[in-house]
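Residue numbers (the working numbering): 7 to 125.
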């Protein structure tokens, strides 16, 4: 895959993860009726959104570590009954795919991997 394709994939996955977490905790299956403060878990992802959209390698590096927390949450909450369990599995899958695309993008965009003109 090219860095451009990975950037697009990461952008889509990050927006999908943010949307899933918000919808989950506000409307679909909140911990408490009427929504819960768990919706604030998307706040750490917001600064990453701008860096990912601009293709900043450093953002991808720290995002690859941050997104592991969402993977862990998804795996832990996957045993919740009903819709919450399915949403947790979706969160884990999105987080795992985002992790993979972020790591690959950071690797492919490394300065040592950039093409140098023949001189």
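A virtual CB, placed ideally from N, CA and C, is assigned to each residue, including glycine.
Beta-carbon spacing of residue i, residue j below 8 angstroms
i	j	result
residue 107	residue 16	yes
residue 101	residue 73	yes
residue 19	residue 48	no
residue 112	residue 67	yes
residue 34	residue 75	no
Residue i, buried or exposed, once every other Cβ within 10 Å from all chains shown has been counted against 16
i	result
residue 30	buried
residue 94	buried
residue 12	buried
residue 58	buried
residue 105	buried
residue 80	buried
residue 26	buried
Range of the contiguous alpha helix (DSSP H) that encloses residue i
i	result
residue 68	63-83
residue 38	No alpha helix (DSSP H) contains residue 38, which DSSP labels as neither H nor E.
residue 24	9-29
residue 102	89-114
residue 126	The displayed coordinates of the chain run from 7 to 125. Any statement about residue 126 would go beyond what the structure contains.
Sequence-distant residues of its chain with Cβ nearer than 6 angstroms to residue i (five each side left out)
i	result
residue 54	65 and 69
residue 61	13
residue 109	70
Any C-beta of chain C under 8 angstroms from that of residue i
i	result
residue 103	Protein chains in the displayed structure number just one, and chain C is not present.
Sequence-distant residues of the same chain with beta carbon closer than 8 angstroms to residue i, five excluded per side
i	result
residue 63	111, 112, 115 and 116
residue 125	Legend: pLDDT at residue 125 = 47, less than 50; position of this residue unreliable, value from coordinates given subsequently. Closer than 8 angstroms at the Cβ level, and outside the excluded window around residue 125, lies no residue.
residue 9	61, 111, 114 and 115
Same chain, Cβ closer than 7 angstroms to residue i, five either side skipped, listed in chain order
i	result
residue 51	20, 23 and 24
residue 98	77, 80, 81 and 84
residue 42	31 and 36
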